[in-house]
Amino acid sequence: MNTIDLEKLAESQKANAQVMMTLVRTAFHGMEQLSALNLAASRELFNNSASGAQQLMDIKDPAQLKSLAGSMAQPNVDKLLEYSRGLYDLSANMQREITSVMEQQYSSMAQKAAGLVGTGGVPTPIAGDVFGAAMKQMMNASSTAFENISQMSKQMTEIVDTNVKALSAATTKAASALTPKA
1 MNTIDLEKLA
11 ESQKANAQVM
21 MTLVRTAFHG
31 MEQLSALNLA
41 ASRELFNNSA
51 SGAQQLMDIK
61 DPAQLKSLAG
71 SMAQPNVDKL
81 LEYSRGLYDL
91 SANMQREITS
101 VMEQQYSSMA
111 QKAAGLVGTG
121 GVPTPIAGDV
131 FGAAMKQMMN
141 ASSTAFENIS
151 QMSKQMTEIV
161 DTNVKALSAA
171 TTKAASALTP
181 KA
């Protein structure tokens, strides 16, 4: 009959609690950064709107309206692109931090399980060799699956990064076409 090793159980629970605290801290840090980004963007939007309204009220000739609209478009597009890049950077950093924590946790768990299976720490009175081989095969399959998921996540981040850069370039080009030439 197996007995539960309370010391190992407590150690495992402590490690799980530390992982959860790390993930929660990461989430709170990300939310703080997102709030700061949104607050700065809101402040900038308000200031630009107030400035634009003042410029519109100062117009005396309808021909000035066209040049004013064009000159106001470029800074607003630049601010939107800056906000989008900030949002992307924030989400990419959060993804990297969370993935790192999860990779460390998975690696630790896989090492413990492999050690347990490898040393015969799992008592199996019937067909122990078959069980051990099955556990090793399951751990190998699990490791391969985790590596594939991590690789796909990194590839998705690279694809999004490429798309954000392409969108930024296209938007900047379109905005510069709206801006009147001197």
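No gaps in the numbering here: position 170 of the sequence shown is 170 in full-length UniProt numbering, and each next residue is one more. Glycine is no exception: its CB is placed at the ideal position from the N, C-alpha and C atoms.
Taking C-alpha positions only, valine 19 is separated from glutamine 95 by approximately 15 Å. Cβ neighbours of leucine 65 within its own chain (closer than 7 Å, five residues either side excluded): Ile59. When the beta-carbon positions are compared, lysine 79 and glutamate 44 come within less than 7 Å of each other. A straight line joining the alpha-carbon of valine 24 with that of isoleucine 98 spans about 10 Å. The Cβ atoms of valine 164 and tyrosine 106 do not sit closer than 7 Å to each other. Taken through DSSP and simplified to helix, strand or coil, aspartate 58 comes out as coil. Distances from the CA of asparagine 148 to each of Ala169, Lys173, Lys112 and Glu103 were compared; the closest alpha carbon is that of Glu103. In this structure asparagine 48 touches asparagine 76 by the C-beta definition: roughly 6 Å separates them, less than 8 Å. Within the same chain, and ignoring the five residues on either side of glycine 30 in sequence, the residues whose Cβ sits closer than 7 Å to its Cβ are Leu90 and Met94. C-alpha of asparagine 140 to C-alpha of glutamine 33: approximately 38 Å in a straight line. Just measuring C-alpha positions, the residue of Ala10, Leu37, Ser143 and Ser150 sitting nearest glycine 86 is Leu37.
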